[in-house]
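Enquirer: Numbering (the numbering used here), first residue to last: 945 to 1136.
For every residue, glycine included, the Cβ atom is placed at its ideal position computed from N, Cα and C.
1) Just mark residue 945 as buried or exposed, buried being the case when its beta carbon has 16 or more other beta carbons within 10 Å.
2) Looking only at C-alpha atoms, which of 1009, 984 and 1070 sits nearest to residue 958?
3) Among 1073, 1006, 1111 and 1114, which has the Cα closest to the Cα of residue 1127?
4) Counting Cβ pairs closer than 8 Å, one from the stretch 1035-1053 and one from the stretch 1070-1086, do we hit at least three?
5) What separation, rounded to the nearest whole angstrom, lies between the Cα atoms of residue 1022 and residue 1031?
6) Sorted by chain position, which residues of the same chain lie with C-beta nearer than 7 Å to residue 960's C-beta, five sequence neighbours on each side aside?
7) Would you mind giving the Cβ-Cβ distance between residue 984 and residue 965, rounded to the nearest angstrom? I have them listed as a contact below 8 Å.
8) Given this structure, state the Cα-to-Cα distance separating residue 1013 from residue 1088, to the nearest angstrom.
9) Going by CA-CA distance only, name the one from 963, 979 and 1104 that's closest to residue 996.
10) Note the first and the last residue of the continuous alpha helix (DSSP H) segment covering residue 1136.
11) Is residue 962 helix, strand or coil when you go by DSSP?
12) For residue 1131, count neighbouring C-beta atoms within 10 Å of its own C-beta (all shown protein chains included) and say buried if the count is 16 or more, exposed if not.
13) Pick out the complete alpha helix (DSSP H) segments inside the stretch 960-1029, 4 residues or longer, and give them in chain order.
14) What is the rounded straight-line gap between the Cα of residue 1016 and the Cα of residue 1078?
15) With a Cβ-Cβ cutoff of 8 Å, do residue 1029 and residue 1084 count as a contact?
16) Does the separation of the CB atoms of residue 1113 and residue 1103 fall below 8 Å?
17) Using CA coordinates, which residue listed in 968, 1094 and 1134 is at the minimum distance from residue 990?
18) Are the beta-carbon atoms of residue 982 and residue 1060 separated by less than 8 Å?
19) Buried or exposed for residue 1125, going by 16 or more other Cβ atoms inside 10 Å?
Structure below.
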């Protein structure tokens, strides 16, 4: 049961993607002018708040899914690696929630780029690292085909390098990648 709930929670991370495709996200994030960015936020305050809540919920349910996987998997090595992944993901989630809260409570500071950068950078490094470690746990568990774990690990490694090179990241890609193990795990638990 914990593995099925884990799969559902990882898939529920798709709400992060929903937040990323809300119209306010498409107006705010690519905007280079801080004044216009703030205008877009203030013109759609409710949608902006909703988007940031969904960004937080999506990230949190994936953390929960990883921890549920650790609690439900039989293989000891997979459990230990999944727990480490969950702890790492939780460590990335805390500054992400701080950042999201500040986006809503002080949109002018967000629009100007005045929020503490370490919040984002901690999230940008720890979250894909945690998801890559989840890929290792999937490999160790033997529950899914090896290509699923390797795809998660490889994709997250590329994302971390791309983040360091570009100096930025669109975090929705983390949750797009998480759809793969979530879907495969749900299918595997449905057959069991």
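Expert: Inspection of the coordinates gives the following:
1) Locating residue 945 in the chain shown gives position 1, where the first residue counts as 1. Exposed: under 16 other Cβ atoms inside 10 Å.
2) Numbered from 1 along the chain shown, position 14 holds the residue referred to as residue 958. In this structure, 1009 is the residue among 1009, 984 and 1070 with its C-alpha nearest to the C-alpha of residue 958.
3) To locate residue 1127, count along the chain shown from 1; it is residue 183. Considering only alpha carbons, the answer is 1006.
4) Touching, yes.
5) Your numbering for residue 1022 matches position 78 in the chain shown. Your numbering for residue 1031 matches position 87 in the chain shown. Cα-Cα distance, rounded: 14 Å.
6) As a first step, residue 960 must be located in the chain shown, where it is residue number 16. Answer for residue 960: 998, 999, 1002, 1003, 1116 and 1119, listed in chain order.
7) Looking up residue 984 in the chain shown gives position 40. Looking up residue 965 in the chain shown gives position 21. Incorrect: roughly 15 Å between the Cβ atoms, too far for contact.
8) Stepping through the chain shown from its first residue, residue 1013 is reached at position 69. Stepping through the chain shown from its first residue, residue 1088 is reached at position 144. Residue 1013 and residue 1088 have their C-alpha atoms spaced approximately 13 Å apart.
9) Walking along the chain shown from the start, residue 996 turns up at place 52. Here the closest residue by C-alpha is 963.
10) Within the chain shown, the letter at position 192 stands for residue 1136. In the DSSP assignment, residue 1136 falls outside any alpha helix (DSSP H), carrying neither H nor E.
11) To locate residue 962, count along the chain shown from 1; it is residue 18. In the structure shown, residue 962 sits in a helix (DSSP, three-state: H, G or I).
12) For the purposes of this step, residue 1131 is identified with residue 187 of the chain shown, where counting begins at 1. Residue 1131 should be labelled exposed.
13) Counting only runs of 4 or more, we get 967-972, 978-987 and 989-1016.
14) Position 72 of the chain shown, counting from 1, holds the residue named residue 1016. Position 134 of the chain shown, counting from 1, holds the residue named residue 1078. Rounded to the nearest angstrom, the gap between the Cα atoms of residue 1016 and residue 1078 is 14 Å.
15) Here residue 1029 refers to the residue found at position 85 of the chain shown. Here residue 1084 refers to the residue found at position 140 of the chain shown. Not a contact, by the Cβ cut-off of 8 Å.
16) Here residue 1113 refers to the residue found at position 169 of the chain shown. Here residue 1103 refers to the residue found at position 159 of the chain shown. Cβ distance < 8 Å, so residue 1113 and residue 1103 count as in contact.
17) As a first step, residue 990 is located in the chain shown; it is residue number 46 there, counting from the start. When only C-alpha atoms are compared, the closest one is 968.
18) Within the chain shown, the letter at position 38 stands for residue 982. Within the chain shown, the letter at position 116 stands for residue 1060. Residue 982 is not a Cβ neighbour of residue 1060, given a cutoff of 8 Å.
19) Taking the first residue of the chain shown as 1, we reach residue 1125 at position 181. Result: buried.
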